[in-house]
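A quick write-up on the structure given underneath.
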Ligand SMILES: [Zn+2]
């Protein structure tokens, strides 16, 4: 997971940590963040690490779609081309983001009903 930085002090070394009241507090400046104030990109999901650190991961459904798309790109690229390498790189990066989401406890996306 990627740690979410404090919106007040922006310190790269500070972490937002879960409090007993269910808020998140910056361990550098003490700024408090409510769950409803967490603002992320639509492809991101916020998570809490085992040590109470607030972070985010990419939605597994997005990573799975990226893997499928990059494998299609690989299959349609000329053999031994830059396109092949780029498609493999995209697939590897998406697989890495998928693994990070699972390690953070985000469940596998439900299959769409046909
Ligand atoms: Zn702070």
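In my numbering, the protein residues as written are -14 to 99.
Backbone N, C-alpha and C fix where the C-beta goes; we use that ideal spot for every residue, glycine too.
Note that the structure is predicted; figures quoted are calculated from it, not measured.
1. Going by C-alpha distance, which of 36, 47, 8, 37 is nearest residue 26?
2. Could you name each continuous beta strand (DSSP E) segment of 3 residues or more that falls completely within the region 39 to 86, going from the start of the chain to the end?
3. With DSSP as the reference, please indicate the residues paired to residue 11 in a beta bridge.
4. Measuring from the CB of residue 16, is there a heavy atom of ligand 1 at a distance below 6 Å?
5. Is there at least one non-hydrogen atom of ligand 1 closer than 6 Å to the beta-carbon of residue 13?
6. With a threshold of 7 Å on Cβ separation, who are the neighbours of residue 69 within its own chain once the five nearest residues in sequence on each side are excluded?
7. Using 7 Å as the limit for Cβ to Cβ distance, is residue 65 near chain B?
8. Roughly how far, in whole angstroms, is the beta-carbon of residue 38 from the beta-carbon of residue -12, given that I think they are within contact range, below 8 Å?
9. CB of residue 86 to nearest heavy atom of ligand 1: below 6 Å?
10. Between the alpha carbons of residue 3 and residue 65, how many angstroms are there, rounded?
11. In the DSSP assignment, the beta strand (DSSP E) including residue 29 goes from what residue to what residue?
With the given structure in hand:
1. 47
2. 39 to 43
3. 1
4. yes
5. yes
6. 59, 62
7. Included in the structure is just one protein chain, with no chain B present.
8. 6 Å
9. no
10. 49 Å
11. 29 to 33
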